[in-house]
Structures are given as C-alpha cells and as structure tokens.
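Asks: So my numbering is basically just the index in the sequence shown, starting at one, shifted up by 12. Cβ coordinates follow ideal geometry from the N, Cα and C atoms, glycine included. The model shown is predicted, which means the values in this text are computed figures rather than measured ones.
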Amino acid sequence: MTQFLKSVIQASKQIIPCITSRDEAMLKSYGKGVGGDISKGVDLFCEKVFCQNLVHIAHIDSEESGFIQSKSKSSDVIILDPLDGSDNYLSNIPYYGASLALCDKHGRVKEASIINFCLGEVIYDSTTANAPRKLNIFTNQEIPIGNTISKCGIFEKAYYHPKIAKKLYKQNLKFRSLGASALSLAYALENNFMLFGGKIRKYDCKAGLFLCRNLEVLHKKDFLLISQNKKVFGMIHKILQK
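1) Output the boundary residues of the alpha helix (DSSP H) element that contains residue 73.
2) Can you name the start and end residues of the beta strand (DSSP E) that residue 148 belongs to?
3) May I ask you to report which of helix, strand or coil DSSP gives residue 176?
4) Specify whether the segment 189 to 199 and the segment 209 to 227 touch according to this definition: at least 3 beta carbon pairs, one from each stretch, less than 8 Å apart.
5) Which residues bound the beta strand (DSSP E) around residue 113?
6) Can you tell me which of the three DSSP states residue 227 falls into?
7) Report the option in 55, 49, 15, 138 whose CA atom is closest to the CA atom of residue 31.
8) Residues in its own chain within less than 7 Å of residue 148 by CB, not counting five upstream and five downstream?
9) Considering only DSSP beta bridges, list what residue 20 is partnered with.
10) Just confirm the distance between the C-beta atoms of residue 4 and residue 37, as a whole number of angstroms; I'd bet it's less than 8 Å.
11) With residue 125 as the anchor, note down where its beta strand (DSSP E) starts and where it stops.
12) Taking C-beta to C-beta, are residue 90 and residue 110 nearer than 7 Å?
13) Can you grab the Cα-Cα spacing for the pair residue 242 / residue 231, in whole Å?
14) Check whether the segment 71 to 83 and the segment 199 to 209 touch, using three or more Cβ-Cβ pairs below 8 Å as the test.
15) Using only alpha-carbon positions, find the residue among 85, 234, 226, 251 that is nearest to residue 240.
16) So, do the segment 177 to 185 and the segment 244 to 252 have three or more beta carbon pairs nearer to each other than 8 Å?
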C-alpha cells in the first residue's frame with residue numbers, strides 16, 4: 013500500500029465518524045470556494061483533515077481553498093474535492109464522498125482515490141497497479157468490483173437535459189441521477205454507464221477519469237460519457253450526436 017493511499021484511508025477514518033454526527037457546525041455556510049460553490053462547515057472540515065494527512069506528500073489544490081503549499085520538496089500536486097455530494101450530505105441522502113488525484117508537475121495522474129463515506133470504501137488505482145481496487149476503509153480488506161452487466165446507469169445533471177433523458181428512456185437505457193459526480197465516475201466501473209451533462213470541473217473528474225481510463229470514454233465540452241459496455245456506449249454516443 014502506497015503512502016498516498018495509507019494517508020487517504022487514515023484521513024477517511026477520521027472524517028467518517030465526525031461528519032456522521034451531523035453537528036450544527038458542519039451545516040454552517042461560509043464564503044464561496046475556489047470551485048464556485050458555497051463552502052459549508054463540513055466541506056472545510058473534510059479539507060482540513062485531508063490536508064493534515066496529505067500535505068507532507070504533495071501540494072494540494074482543493075476545491076474549497078485552492079492551492080495549499082506542501083511541507084515537502086515534492087513538485088506533485090493533489091487535486092482534491094474534500095466532499096463530493098455536499099447537497100446530498102446536507103439533505104441526509106447517503107451518497108457522498110471525496111475525490112483525490114495525485115499528479116506530477118505536468119498534471120499527469122500517478123495515483124487516484126475516490127471515497128464513499130457512506131459505505132466506508134475507497135476505489136483506488138495507480139500507474140503501477142494492474143487494475144482499480146476497492147477496499148474497506150476500516151479493515152483494508154479488498155471488495156470485488158462488480159464490473160458485470162448492470163440494469164442502470166447514472167446520468168448526472170439529467171434535469172438540464174430532458175430531451176436526452178427521454179431518448180435514453182425510449183432506448184430502454186435506465187438511469188439514476190445521484191448528485192455526486194466523482195463518486196458516480198468511480199462507479200462507472202460497475203454500472204451500465206455514467207453520463208455527465210455540462211462542463212465538469214477538474215476537482216470532480218481528475219481522479220475518476222484516471223480510474224476509468226481503460227473503459228470507453230467520450231469527454232467533450234458539454235458531455236462526459238463513460239461505459240464498460242461498448243454497445244451501450246455506442247447507443248448513447250449516437251443520441252448525443254443528434
């Protein structure tokens with residue numbers, strides 16, 4: 013296990029029990045973060061814990077606070093979304109986590125982790141690994157990645173694209189819109205497809221695109237489409253071109 017992954021897991025172990033308590037301070041609103049959204053107490057708390065555990069490894073570029081200088085001499089940068097799915101957390105919907113991509117000075121990903129805080133699991137991969145792995149955060153035991161035929165895909169921001177949603181329905185391509193883009197990218201490894209409508213930020217997609225780099229991927233200005241199923245990928249690609 014790499015130092016990066018160990019630190020990600022250690023931070024997650026600290027974060028999960030604290031945010032589960034839903035303390036009033038976690039729900040308080042602060043200023044607008046670098047990523048453009050209003051930061052909540054829970055966002056800043058998660059950022060603080062990740063930084064405490066990872067700033068000795070590399071610089072950190074966080075969706076909340078921007079660039080945070082490393083204590084090391086490394087030129088690497090961690091692209092961090094400390095709480096992916098903040099609105100889900102605030103609404104007590106159990107689908108939120110975090111996204112971290114360790115990149116070299118040229119922006120190339122070396123390692124990536126996406127954490128599901130609700131399930132207590134992390135999906136991880138690196139340039140030296142054979143394939144993505146899913147681990148239980150509290151036991152470090154490996155969990156099988158269910159990359160089998162799935163009934164549903166995920167269509168994030170579907171409410172902006174009702175015509176496309178209708179076309180998917182007509183093709184019997186079932187989907188859910190879950191509200192946590194980085195998590196949904198990671199689960200493209202298991203689900204039928206992941207479609208994001210709109211421009212996706214680096215904080216949401218840097219780690220996920222790395223995890224899914226061996227799947228079918230279409231990344232354009234207005235859409236991001238990923239699928240493990242070539243037939244499904246082709247069907248949705250045709251819909252997007254019309």
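Replies: Quick answer:
1) That residue, residue 73, is in no alpha helix (DSSP H); its beta strand (DSSP E) goes 71 to 74.
2) 145 to 148
3) In this structure, residue 176 counts as helix in the three-state DSSP scheme.
4) yes
5) 109 to 115
6) coil
7) Cα-wise, what sits closest to residue 31 is 55.
8) If we look at residue 148 and ignore the five residues flanking it on each side, its Cβ neighbours are 132, 133, 155.
9) Its beta-bridge partners do not exist; DSSP assigns none.
10) Residue 4 lies beyond the residue range present for the chain, which begins at 13 and ends at 254; the question has no answer from this structure.
11) 121 to 128
12) no
13) 15 Å
14) no
15) 226
16) yes
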